[in-house]
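Following: one structure in structure tokens, then a few remarks.
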């Protein structure tokens, strides 16, 4: 059995891994783990990732969790072009800096924005207090400002003149609030221009393919009671 | 001006960088940024890191934030021994996996343990209910279990037979609740044995030196004056959410 990638394209980090593997023609078996159906709680999947999260990688007997670790593993094993994770000391440090920062900043804001604006009301029928949503969107706004001012600045891409894994991780995060109808790029021409460059560098078809699931999420029929029950703990975590 | 490291040893990620730089004989100027005095909020420091956080690195004109990025930069620039960040593909992936996982799990819970148990009541004069403290310690307990079961397992160190960046980042986090008076190694012989190995690999003297501040914290921290409290409060609340 060759490389297996356990993904649900509903999830931002899964999209980054998917795009990276496809773009670099890394041969893999896609193992879809449907989060809304709770497939990540199965015993079978726990063998792959005891943390019960996607993305996860299985390469022979070797299993690996955490999208950043997976992206770096793939870039090394398959010797992808330098720009994805540049050898240059400072350029690489810029990528590392972004990949570290985003865990507690943009990832968090984008996840909550999408769930609070869209999944809770539409899919789960959960009322989100307007103050909570407003506070989340304000936080998202702050992160977007930092993304522009500290990371992007006047460069074409986050770590320099070429696309890197940092851009992949960032763009897939931003598509989360975009899918919920948040005007992430409105009044942000610099960020909008960066988005175009990233999409062009990835390729339109692959970008659309990776984002098909999330862009259709707003049309999901309401969840059945069993699903609502199972997702209750998630509601607690994401509703603040 | 050579390498400058902007650190406050009260902070876990700062301790990891301090230990790593000292252990590897990396020459640097120590620039202490006292968090409890609000020095990270100064205009001067904002020139180094507009995000107003420690640790931060300045190497000539190049500035860098985020402890994981700083550790990796130092690893590469100073060509430290392989075990810190092994060349071996899978061993390196294990280090990366830990360094990625810990941000929203162990880091968060260790920080909350210190702040809920000591810093809020003693430094900020804000009492924390026993229920909140208990909930925080319960969450910490869950992450400690994951640290043992998924990351350490039956290995000597987190990524294999030798100490790596992952162990440094983990141990400095765990010293936060230890500094708060939490007996996190009690009833966890596997983790306690790993701690001994990490301390031995780091060296007892260096380990004590890096942890002097945090280990004294609960006995030396005193009530902040109102202006400092006002300055620090919003950021503290955001940090420990």
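Residue numbers (the working numbering), protein chains in the order written: chain A, 1 to 240; chain B, 1 to 241. Just so it is clear, CB atoms sit at the ideal spot from N, CA and C, and this is done for glycine as well. The structure displayed is predicted, hence computed values, not measured ones.
Return no unless some Cβ of chain B is closer than 8 Å to the Cβ of residue i.
i, result
"residue 115 of chain A", "no"
"residue 201 of chain A", "no"
"residue 96 of chain A", "yes"
"residue 229 of chain A", "no"
"residue 76 of chain A", "yes"
"residue 50 of chain A", "yes"
"residue 62 of chain A", "yes"
"residue 58 of chain A", "no"
"residue 103 of chain A", "yes"
"residue 16 of chain A", "no"
"residue 66 of chain A", "yes"
"residue 255 of chain A", "The question about residue 255 of chain A has no answer, for chain A in this structure spans 1 to 240."
"residue 89 of chain A", "yes"
"residue 37 of chain A", "no"
"residue 93 of chain A", "yes"
"residue 9 of chain A", "no"
"residue 190 of chain A", "no"
With 8 Å set as the bound, which would you pick, yes or no: does the beta-carbon of residue i sit closer than that to a beta-carbon of chain E?
i, result
"residue 122 of chain A", "In the displayed structure, chain E is absent; the protein chains listed are A and B."
Helix, strand or coil for residue i? Go by DSSP, reduced to three states.
i, result
"residue 32 of chain A", "strand"
"residue 123 of chain B", "helix"
"residue 207 of chain B", "helix"
"residue 212 of chain B", "helix"
"residue 144 of chain A", "helix"
"residue 56 of chain A", "strand"
"residue 167 of chain B", "helix"
"residue 18 of chain A", "helix"
"residue 139 of chain A", "helix"
"residue 58 of chain B", "strand"
"residue 28 of chain B", "coil"
"residue 159 of chain A", "coil"
Tell me, to the nearest whole angstrom, how far the beta carbon of residue i is from that of residue j; I am working on the premise that it is less than 8 Å.
i, j, result
"residue 214 of chain A", "residue 179 of chain A", "4 Å"
"residue 10 of chain B", "residue 171 of chain B", "Not really, about 16 Å apart at Cβ, beyond 8 Å."
"residue 150 of chain A", "residue 50 of chain B", "6 Å"
"residue 68 of chain A", "residue 96 of chain B", "6 Å"
Under 8 Å between C-beta atoms, does residue i make it to chain A?
i, result
"residue 39 of chain B", "no"
"residue 12 of chain B", "no"
"residue 229 of chain B", "no"
"residue 43 of chain B", "no"
"residue 183 of chain B", "no"
"residue 4 of chain B", "no"
"residue 50 of chain B", "yes"
"residue 159 of chain B", "no"
Applying the criterion that 16 or more other CB atoms from any shown protein chain within 10 Å of the CB defines a buried residue, is residue i buried or exposed?
i, result
"residue 75 of chain A", "buried"
"residue 159 of chain A", "buried"
"residue 92 of chain B", "buried"
"residue 129 of chain B", "exposed"
"residue 237 of chain A", "exposed"
"residue 49 of chain A", "buried"
"residue 109 of chain B", "buried"
"residue 132 of chain B", "exposed"
"residue 55 of chain A", "buried"
"residue 29 of chain B", "exposed"
I'd like to confirm something about residue i: is its beta-carbon nearer than 7 Å to some heavy atom of the ligand ADP, or not?
i, result
"residue 30 of chain B", "Among the components of this structure there are no ligands whatsoever, and the ligand ADP is therefore not found."
**OP:** Closer than 7 Å, Cβ to Cβ, to anything on chain A: give me those residues from the segment 63 to 88 of chain B, in chain order.
**Re:** 64, 65, 66, 68, 69, 72, 73, 76, 77
**OP:** Could you name the residues of the segment 109 to 123 of chain B whose beta carbon sits closer than 8 Å to any beta carbon of chain A, in the order they occur along the chain?
**Re:** none
**OP:** Could you list the residues in the segment 160 to 174 of chain A with a C-beta less than 7 Å from some C-beta on chain B, going in chain order?
**Re:** none
**OP:** Return the residues of the segment 88 to 106 of chain B that lie within a Cβ-Cβ distance of less than 7 Å from chain A, sorted by chain order.
**Re:** 89, 90, 93, 96, 97, 100, 101, 103, 104
Original post:
What residues in the segment 133 to 163 of chain B have a beta carbon less than 8 Å from any beta carbon of chain A?
Top reply: 146, 149, 150
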